[in-house]
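First up is the structure itself, then whatever we jot down about it.
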Amino acid sequence: MDQQLPATRIAHAAKIEAGQANQKGKEFRAEPFYVLPEFFEEAASVYGDREKAYAQIILDCHDETMVLIQACSVINCANVTTAEVAAPAALNKKRREKGKQPFFSYKVLQLTEDRKSSGQSGAKGQHNSPRMHLRRGHLRRLENKVVWVRPAMVNAESKSGVVLKDYAVPQKR
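Take 24 as the starting number for the sequence shown in this note's numbering and just add one per residue.
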């Protein structure tokens with residue numbers, strides 16, 4: 024944190040105060056910039072100075088930046104592939120003859136079936152069959168790759184019962 028600009032330190036302190044970061048948390052090495060000079064100067068006058076305005080840009084962009092990073096992480100998973108969907112050649116030929124723009128091909132992300140066979144036990148060893156529960160989708164980091172684990176109903180035919188979950192989100196003070 025000593026090498027960062029004042030705006031980054033201000034934003035990091037605000038995230039710590041809001042419970043969104045901790046002192047030892049890692050930060051991305053990036054500094055904000057503005058696109059609309061008039062808007063930025065107005066923001067600087069509202070927040071008191073330019074460094075506080077830059078810090079607000081960092082805080083305002085934090086969620087969007089995290090979504091982008093998470094999306095890139097999913098796309099980078101070893102079990103995510105792309106399939107190209109080509110426009111029908113005959114349809115594009117007719118469109119060209121009529122002077123219209125042809126349809127473009129596009130790509131679709133697909134999760135591959137990169138799973139162990141059901142006869143294998145997990146890496147953590149033997150355990151009792153868990154009760155039925157929902158498992159959320161998540162990234163799994165393996166030794167040599169990262170894969171996306173889809174959300175699933177775990178042990179749907181369990182006779183041991185069901186795990187129901189509630190989530191409590193504390194209110195900000």
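Ideal placement from N, C-alpha and C gives every residue a C-beta, glycine not left out.
Coarse secondary structure for residue i, derived from DSSP in three states
{"i": "Asn178", "result": "coil"}
{"i": "Ala37", "result": "helix"}
{"i": "Leu28", "result": "coil"}
{"i": "Val186", "result": "coil"}
{"i": "Arg154", "result": "coil"}
{"i": "Leu59", "result": "coil"}
{"i": "Ala66", "result": "helix"}
{"i": "Arg52", "result": "coil"}
{"i": "Asn45", "result": "coil"}
{"i": "Asn115", "result": "helix"}
{"i": "Glu120", "result": "helix"}
Between the CA atoms of residue j and residue i - distance to the nearest angstrom
{"i": "Arg219", "j": "Glu180", "result": "Because residue 219 is not part of the residues shown, which for the chain are 24 to 196, the question remains open."}
{"i": "Gly42", "j": "Arg163", "result": "25 Å"}
{"i": "Ala94", "j": "Leu132", "result": "12 Å"}
{"i": "Glu50", "j": "Gln27", "result": "10 Å"}
{"i": "His85", "j": "Lys121", "result": "48 Å"}
{"i": "Cys167", "j": "Ser68", "result": "Note that residue 167 corresponds to Asn in the displayed sequence, not to Cys. In a straight line, the C-alpha of Asn167 is about 50 Å away from that of Ser68."}
{"i": "Leu165", "j": "Val172", "result": "12 Å"}
{"i": "Asn99", "j": "Ala175", "result": "21 Å"}
{"i": "Gly48", "j": "Gln194", "result": "22 Å"}
{"i": "Pro182", "j": "Val90", "result": "In the sequence as displayed, the identity of residue 182 is Lys instead of Pro. The alpha-carbon atoms of Lys182 and Val90 are separated by roughly 38 Å."}
{"i": "Gly71", "j": "Tyr57", "result": "17 Å"}
{"i": "Leu59", "j": "Ala53", "result": "19 Å"}
{"i": "Glu40", "j": "Val97", "result": "30 Å"}
{"i": "Ile33", "j": "Gln46", "result": "13 Å"}
{"i": "Ala101", "j": "His161", "result": "13 Å"}
{"i": "Gly184", "j": "His156", "result": "9 Å"}
{"i": "Ala44", "j": "Ala78", "result": "15 Å"}
{"i": "Phe63", "j": "Val186", "result": "50 Å"}
{"i": "Leu134", "j": "Ala76", "result": "41 Å"}
{"i": "Thr88", "j": "Lys117", "result": "43 Å"}
Beta bridge counterpart(s) of residue i as assigned by DSSP
{"i": "Tyr129", "result": "Val108"}
{"i": "Val172", "result": "His161"}
{"i": "Leu134", "result": "Val103"}
Rounded Cβ spacing between residue i and residue j (contact assumed at less than 8 Å)
{"i": "Glu74", "j": "Ala30", "result": "5 Å"}
{"i": "Ala19", "j": "Leu82", "result": "Given a span of 24 to 196 for the chain in the structure shown, any question on residue 19 remains unanswerable."}
{"i": "Val103", "j": "Ser128", "result": "Not confirmed; about 19 Å, so no contact."}
{"i": "Pro111", "j": "Arg119", "result": "Not confirmed; about 13 Å, so no contact."}
{"i": "Thr105", "j": "Lys123", "result": "That belief does not hold up - the Cβ atoms of Thr105 and Lys123 are roughly 27 Å apart, past 8 Å."}
{"i": "Val170", "j": "Arg158", "result": "Not quite, the Cβ-Cβ distance comes to about 14 Å (not below 8 Å), so this is no contact."}
{"i": "Pro55", "j": "Ile80", "result": "4 Å"}
At what residue ranges does the stretch 70-110 contain a whole run of the beta strand (DSSP E), taking only runs of 3 or more? 103-108
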